[in-house]
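Input: a single structure, listed below in structure tokens.
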Amino acid sequence: MIAQLLGGIGLFLLGILLLTDGLRTAAGQALKRILSQFTERSSSAFLSGLTITAMVQSSSATTLATIGFVSAGLITFSQSIGVIIGSSVGTTTTGWIVSLLGLKLSLFTIAMPLVGIGALMRLMLKGRIASVGFAIAGFGLIFIGIDTLQHGMNGLAAHVQPESFPEPSFSGRLILVAIGIVLTVIMQASSAAVATAITAYHSGTLDITQALSIVIGASIGTTLTAGLAAIGASVSARRTALVHVLFNSFSATIGFGLLPLYVWLLTHVMADGSPPGAWSIAVFHTLFHVIGAGIVLPGGNAFSKVITRLIPERKPAPTSHLDDSLAQVPEVAVEALRRALVECTLTLTAWIKHRSDARFPEPALPLEGVKESLAQCYAFLTKIPATIVTKDEAANPRLSLIHALDHLDQIVGVLSGVHSFPDGDPSGRLEQASQKLAALFAALERSLIGTGEQPAREGASEEVGSKSAAADAALAEVEQLSHALAQLRRSGRHALLRETAEAALSPAKADELLDAVRWMDTSAYHLWRTAYHLGLAADPVKEGTTASKGHPGKAEATARTAAKD
Numbered sequence: 004m005i006a007q008l009l010g011g012i013g014l015f016l017l018g019i020l021l022l023t024d025g026l027r028t029a030a031g032q033a034l035k036r037i038l039s040q041f042t043e044r045s046s047s048a049f050l051s052g053l054t055i056t057a058m059v060q061s062s063s064a065t066t067l068a069t070i071g072f073v074s075a076g077l078i079t080f081s082q083s084i085g086v087i088i089g090s091s092v093g094t095t096t097t098g099w100i101v102s103l104l105g106l107k108l109s110l111f112t113i114a115m116p117l118v119g120i121g122a123l124m125r126l127m128l129k130g131r132i133a134s135v136g137f138a139i140a141g142f143g144l145i146f147i148g149i150d151t152l153q154h155g156m157n158g159l160a161a162h163v164q165p166e167s168f169p170e171p172s173f174s175g176r177l178i179l180v181a182i183g184i185v186l187t188v189i190m191q192a193s194s195a196a197v198a199t200a201i202t203a204y205h206s207g208t209l210d211i212t213q214a215l216s217i218v219i220g221a222s223i224g225t226t227l228t229a230g231l232a233a234i235g236a237s238v239s240a241r242r243t244a245l246v247h248v249l250f251n252s253f254s255a256t257i258g259f260g261l262l263p264l265y266v267w268l269l270t271h272v273m274a275d276g277s278p279p280g281a282w283s284i285a286v287f288h289t290l291f292h293v294i295g296a297g298i299v300l301p302g303g304n305a306f307s308k309v310i311t312r313l314i315p316e317r318k319p320a321p322t323s324h325l326d327d328s329l330a331q332v333p334e335v336a337v338e339a340l341r342r343a344l345v346e347c348t349l350t351l352t353a354w355i356k357h358r359s360d361a362r363f364p365e366p367a368l369p370l371e372g373v374k375e376s377l378a379q380c381y382a383f384l385t386k387i388p389a390t391i392v393t394k395d396e397a398a399n400p401r402l403s404l405i406h407a408l409d410h411l412d413q414i415v416g417v418l419s420g421v422h423s424f425p426d427g428d429p430s431g432r433l434e435q436a437s438q439k440l441a442a443l444f445a446a447l448e449r450s451l452i453g454t455g456e457q458p459a460r461e462g463a464s465e466e467v468g469s470k471s472a473a474a475d476a477a478l479a480e481v482e483q484l485s486h487a488l489a490q491l492r493r494s495g496r497h498a499l500l501r502e503t504a505e506a507a508l509s510p511a512k513a514d515e516l517l518d519a520v521r522w523m524d525t526s527a528y529h530l531w532r533t534a535y536h537l538g539l540a541a542d543p544v545k546e547g548t549t550a551s552k553g554h555p556g557k558a559e560a561t562a563r564t565a566a567k568d
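Per this note's numbering, residue 4 is the first one in the sequence shown, and the count goes up by one each step.
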């Protein structure tokens with residue numbers, strides 16, 4: 004009996020886990036696109052959260068993904084409110100599945116083949132189709148778990164009666180709510196706690212009030228996962244987690260207040276003398292969440308301001324949104340890392356400006372701070388699962404980010420080795436190089452802005468993180484200016500050496516000018532390659548396509564490196 008109960012809960016949890024992970028992996032970039040494109044309005048954000056949660060059967064998975072997306076800057080905090088509320092309503096679909104399908108229909112004979120088919124798909128196929136196999140097997144295990152749990156509860160009903168639990172008084176309901184919280188914390192899934200409560204009621208182990216109280220507790224207990232995920236996270240991520248905690252607690256309070264009235268309606272008005280069906284628990288679970296959503300969503304802006312005051316903004320840093328929890332969604336983790344590297348690139352660009360022209364102010368972040376940020380980026384990269392395995396760089400954003408990190412390290416090394424520029428240059432070559440470098444800075448910033456260099460801002464309407472035609476054009480300009488600087492360095496070197504041989508220029512002055520132009524050329528080269536790889540990571544090309552075969556600049560980069568002085 005106890006073994007059946009534990010086995011049923013375990014199979015149900017395993018099914019939820021496989022279904023969630025399978026669909027999340029199979030979705031890939033789709034989840035990113037959905038939450039990036041369909042969260043502009045609170046209504047669409049709500050529907051997105053509801054739909055995704057109903058599909059993956061886990062509000063925790065949707066909440067964790069949303070926290071990651073906010074941390075990565077893919078969506079704003081205000082947009083995340085609708086998604087979180089939608090996920091809370093979406094998780095109530097579990098109750099409907101259990102009460103209308105799991106308990107009403109005998110799906111055991113159908114569920115077993117699903118597990119077998121799903122497992123074979125996972126073993127024999129590859130890529131996203133294999134992940135779909137995981138999801139199919141998980142779906143089958145959910146119903147096997149419900150069936151096993153039902154048999155265990157039927158055996159338990161012979162020994163445990165509703166009288167064994169607290170009476171439906173105010174204090175008794177509070178105790179049962181606490182039991183629901185504890186069950187959810189132990190199982191790490193409100194779906195499992197709700198399924199257990201519905202099955203226990205169906206078998207006669209609990210009465211309707213007791214089962215409903217446990218369901219209310221499950222709604223509060225599920226917020227613990229989001230709370231733990233937000234520890235040490237960015238400000239926006241902690242705000243998002245707090246939304247989940249406050250909304251579910253608010254909805255649960257509504258449910259607790261409505262509970263006596265709902266039970267009275269079931270037993271005195273809507274019933275024909277027989278006990279209410281298990282479906283009534285699913286109705287109540289959905290009801291108090293929908294009422295909560297109806298109250299909070301229209302006042303989303305005010306709710307957002309309250310959360311913002313509770314968790315104020317702190318001074319931003321390039322790596323402030325790199326949370327370990329992001330690794331659970333590799334696509335989001337890659338985007339978060341890319342944005343951190345873009346911020347590092349902009350800071351290093353400001354340092355190059357300052358070093359090449361003292362009229363530009365010194366950046367707020369010291370060079371040592373940039374070094375530390377890059378070290379944190381390297382550490383974060385090791386935590387991202389290598390879900391994309393291909394030698395084709397254009398199809399592998401992870402590889403592009405490694406290239407970008409390497410070029411940024413080279414820029415730090417270049418900056419560490421220069422202190423001043425020569426005061427004058429009669430030939431005007433240094434001025435020409437400075438002008439080209441200044442133009443390159445402007446084009447570089449335009450190219451990075453086109454790939455979403457800043458975290459998503461409140462009220463932003465365009466899709467964040469997507470490449471644009473303007474960004475591509477700016478990147479092409481960066482490449483041209485970098486090549487022009489390289490040509491200027493080569494031609495200028497020969498001219499300076501000739502002038503030195505003719506005693507028109509002192510050897511020391513010529514060496515200073517050569518070093519300055521070489522420094523600007525090297526800086527421009529690494530900035531161009533960094534921008535190229537960051538742009539590629541923002542919009543990876545499918546492997547085997549024409550665009551991925553021999554990306555632009557690879558041959559030029561090789562030849563240019565070989566031509567260095």
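All C-beta atoms, glycine included, are put in the ideal place defined by N, C-alpha and C.
Nearest-angstrom Cα separation, counted from residue j out to residue i
i, j, result
"Ala57", "Leu126", "27 Å"
"Ile1", "Ala474", "What the structure shows of the chain is the stretch from 4 to 568, and residue 1 is not part of that stretch, so it cannot be assessed."
"Tyr381", "Val415", "15 Å"
"Ala281", "Ile257", "21 Å"
"Gln7", "Val188", "21 Å"
"Val293", "Ala48", "15 Å"
"Leu215", "Ala200", "8 Å"
"Ile87", "Thr65", "8 Å"
"Leu377", "Asp412", "8 Å"
"His271", "Met124", "51 Å"
"Leu488", "Leu329", "40 Å"
"Arg521", "Gly495", "10 Å"
"Glu502", "Thr79", "58 Å"
"Leu22", "Ser526", "48 Å"
"Ile139", "Ser45", "32 Å"
"Phe259", "Ile219", "7 Å"
"Val185", "Gly224", "7 Å"
Secondary structure of residue i, DSSP reduced to three states
i, result
"Phe363", "coil"
"Asn304", "helix"
"Pro333", "helix"
"Asp409", "helix"
"Ala281", "coil"
"Asn251", "helix"
"Gln191", "coil"
"Ile211", "helix"
"Arg44", "coil"
"Gly420", "coil"
"His554", "Reliability fails at His554, whose pLDDT of 41 lies under 50, so the model's placement of it is uncertain and the value that follows must be treated cautiously. It is coil, neither helix nor strand."
"Thr311", "helix"
"Pro171", "coil"
"His324", "coil"
"Leu77", "coil"
"Pro388", "coil"
"Pro369", "coil"
"Ile234", "coil"
"Thr95", "coil"
"Thr65", "helix"
"Thr225", "coil"
C-beta neighbour in chain D for residue i, strict 8 Å
i, result
"Ala195", "Here there is only one protein chain, and chain D is not present."
Inset, instruction - Count the CB pairs spanning the region 321–330 and the region 125–142 that are closer than 8 Å, and state whether there are at least three. - result: No: fewer than three Cβ pairs fall under 8 Å.
Inset, instruction - For the region 84–104 and the region 241–250, state whether three or more C-beta atom pairs, one from each stretch, are separated by less than 8 Å. - result: Because the criterion of three Cβ pairs below 8 Å is met, the region 84–104 and the region 241–250 touch.
Inset, instruction - Only counting runs of 3 or more residues, tell me where the beta strand (DSSP E) segments fall wholly within the region 117–153, in order along the chain. - result: Fully contained in the region 117–153 is no beta strand (DSSP E) run of length 3 or more.
Legend entry - the region 360–380 touching the region 93–104, judged by at least three CB pairs closer than 8 Å: With the cut-off at 8 Å, the region 360–380 and the region 93–104 do not touch.
Legend entry - contact_flag[the region 262–271, the region 292–312] where n(CB pairs < 8 Å) is 3 or more: Touching, no.
Legend entry - In chain order, each beta strand (DSSP E) run of at least 3 residues that lies wholly inside the region 471–524: Counting only runs of 3 or more, we get nothing.
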